[in-house]
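Sequences listed follow chains L and B, in order. Numbers 1 to 250, taken from the working numbering, label the letters of the first sequence in order. Numbers 1001 to 1229, taken from the working numbering, label the letters of the second sequence in order. Every residue gets a Cβ at the ideal spot worked out from N, C-alpha and C, and that includes glycine.
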Amino acid sequence: MDTDNNDPIDPQYEDVATPVPPLEPSPPEELGPMNGLFDWITALLRQPTSVADNLLNDKGPTGTNVFMWVFLICHAAYGLIMGLFSGDAQLYLVPLKMVLGTTVCALICFPSLFIFSCLSGAKVAPGKVFSILVGGLAVCSLLLMGFLPVSFIFTFSAESVPFMGLVHLGVWLVSIAFACRYIRKSLLLGVPQGNNFFYIWNIVMILTLLQMSTTLRPMLGPQEENHPVVSAKKKFFMVHWGDALDEELD
Amino acid sequence: MNGVVEDISLLCRGEPTQLKSWIRSGRTQISFLVGSIILCGGIYGFTLGILRSPEQAIYAAIKFPILIFATVFFNALLNGMLAMMLGVQLRMEESIRAVLMSFSIACLFLASLGPVFFFHLWNWSPSDQGNSFFYWKLYHIAMIALAGIIGNVRLLNLLVAVAGHAKGQALLFSWLLANLFLGCQLSWILRPFFGNPNIGVSFFREDALERSFYEDFWVTFQGLMNQFS
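Given below as structure tokens:
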């Protein structure tokens, strides 16, 4: 077949022949005026990158205080539903444990989040990293609220503690996965070549939170009289889950 | 961001354009690198020894930075010569600064996870102390390896910017081998860090200079093989 290099490119192949410049990520949309709690919640769910952009680039209000309250109230509300499973003292103990446990975990993991964000190439001050962490916890809390009706139905129909634990674990894992995604994407905003260091931090955070749920046990079973609010016996969370399953099968 | 936090951020981001000046001149940065290794290495050393006893933790907090500085010091000549032989334009003191930077990043990484290590340790069952020691040791060996990889990945960016891709990679690989080879032996001499629960707490072992890390590794390996055969 004869070919002539001077032939014009057939229009149907033109798109293929012309090198396409790599697409630059479009800058996040501007956040409009934020009036109150619901505007912030909507923004966090619909435009998370815009919320993070506002915070990281000092473009406007950051909403950290609002997110802090969202985290506290929603975690306490989800804790209340968990506490309903056993009732009595657990009604106020579980919400308290949920809020305190998650707060302590966030504080424990904060120094490593700052170092991991730097290792990932993000140029962010520690205070802003903390605000992003609070935003992530707010995302987790909002998703927990989304799952609240589901958990509520199971709370009144299920009887087995390990099964209920599995339901809450599933709900929590989905919520924390989105929180980790928010934190990762926000801190990598504007970093051209982000790496995978944040995934290591996500694993650290999730393992620490899972261990905290065992440290603060009982979170689901009844709080027996004359027993300490937090079990004094130390256990690895996997061992605790195994023991709970064994008890159920016996 | 204030000075120290800005330095930590810059070092961990590994921005070659700015870090080149740290290698070339930075006298103030040297004190930052040394300070971060002493402080962060000390914090991490403390977490290593705390499972055995607070006394062992204090010993390990002192010895961990010593281990790093000894590795850098005893390998300084070799690392500088390797840079020259591989055609990388780094003087002796510049190669020392570069190696210190990588160790500093590793120490910052390990120390930042300190609260997490403490929390997980606090949840270990005291009745399981014997097994805990084995897993604690394994867990931290993995963590130290990860920290070493992260520190070197960051150093690689800088060496590539200074010397080009091929030379930078070759230099990093040769430094890594030299530091690993000596570092393992020095950690053997400076042992115990974790503190075996069956042996008393001490700063140095009485037989510190007997045998080597590699001989012991070989004996352990043979023992394992005999168990399987």
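- Annotated as distal: Phe1203/B and Arg1052/B, with beta-carbon spacing of 8 angstroms or more.
- Taking CB atoms only, Trp1022/B has no neighbour in chain L less than 8 angstroms away.
- Taking 9 angstroms as the Cβ-Cβ cut-off, the region 92 to 116 of chain L approaches chain B at Val104, Cys105, Leu107, Ile108, Cys109, Phe110, Pro111, Ser112, Leu113, Phe114, Ile115 and Phe116, given in chain order.
- CA-to-CA, the gap between Leu133/L and Ala106/L works out to about 8 angstroms.
- Its Cα nearest to that of Val1116/B, the residue Val204/L stands out among Gly136/L, Val204/L, Ile200/L and Phe130/L.
- Taking the CA atoms as reference points, Glu247/L sits about 11 angstroms from His240/L.
- Annotated three-state conformation of Ile1144/B is helix, per DSSP.
- The alpha carbon of Leu142/L has as its nearest neighbour, out of Phe67/L, Met34/L and Pro27/L, the alpha carbon of Phe67/L.
- Counting along the chain, the unbroken alpha helix (DSSP H) around Met205/L starts and ends at Phe197 to Thr215.
- Ala52/L and Leu189/L do touch by the CB rule: their CB atoms are close to 5 angstroms apart, below 8 angstroms.
- Per DSSP, the continuous alpha helix (DSSP H) segment holding Ile1068/B begins and ends at Pro1054 to Met1085.
- For Met238/L, the enclosing alpha helix (DSSP H) stretches over residues Phe237 to Leu249.
- Within its own chain, the residues whose Cβ lies closer than 8 angstroms to the Cβ of Ile1150/B, once the five positions on either side in sequence are excluded, are Ile1105, Ala1106 and Phe1109, listed in chain order.
- Only those residues of the region 1091 to 1121 of chain B whose C-beta falls short of 7 angstroms from the nearest C-beta of chain L are listed: Leu1108, Phe1109, Ser1112, Leu1113, Pro1115, Val1116, Phe1119 and His1120.
- Residues of chain B with a Cβ closer than 7 angstroms to the Cβ of Cys118/L are, in chain order, Ile1008, Ser1009, Cys1012 and Arg1013.
- Interface with chain L (8 angstroms Cβ-Cβ cutoff): Ile1150/B is included.
- Taking a C-beta cut-off of 9 angstroms against chain B, the contacting residues of the region 233 to 246 of chain L are Lys233, Lys234, Lys235, Phe236, Phe237 and Val239, listed in chain order.
- Here Tyr182/L is buried. Its C-beta has 16 or more other C-beta atoms within 10 Å.
- Val204 and Thr208: these are the residues of the region 184 to 209 of chain L whose beta carbon lies less than 7 angstroms from some beta carbon of chain B, given in chain order.
- Around the Cβ of Arg1211/B, a 10 Å sphere holds fewer than 16 other Cβ atoms; the residue is exposed.
- Residues of the same chain with a CB within less than 6 angstroms of the CB of Ser1174/B, apart from the 5 flanking positions on each side, are Leu1082 in chain order.
- Contact between the region 1011 to 1020 of chain B and the region 1153 to 1163 of chain B is present: 3 or more CB-CB pairs across the two stretches fall below 8 angstroms.
- The Cβ of Pro126/L sits closer than 8 angstroms to at least one Cβ of chain B.
- Inter-residue distance for Trp1022/B and Arg1097/B is about 8 angstroms (C-alpha atoms, whole angstroms).
- In this structure, Thr155/L sits away from Ile200/L, with a CB-CB distance that is not shorter than 8 angstroms.
- Segment contact: the region 1040 to 1050 of chain B against the region 1064 to 1071 of chain B, three or more CB-CB distances shorter than 8 angstroms; contact assigned.
- A straight line joining the alpha-carbon of Gly1168/B with that of Ile206/L spans about 36 angstroms.
- Counting only residues of its own chain and dropping the five nearest sequence neighbours on each side, Gly1042/B has a CB closer than 8 angstroms to the CB of Ala1061, Ile1062, Phe1064 and Pro1065.
- Cα atoms of Met212/L and Asn1002/B: separation of roughly 33 angstroms, rounded to the nearest angstrom.
- Nearest to Cys118/L by alpha-carbon distance, out of Phe197/L, Val230/L and Lys235/L, is Phe197/L.
- Under the 8 angstroms criterion on CB atoms, Asn1079/B is classed as non-interfacial with respect to chain L.
- For Leu245/L, the CB contacts under 6 angstroms within the same chain, skipping 5 residues up- and downstream, are Pro162 in chain order.
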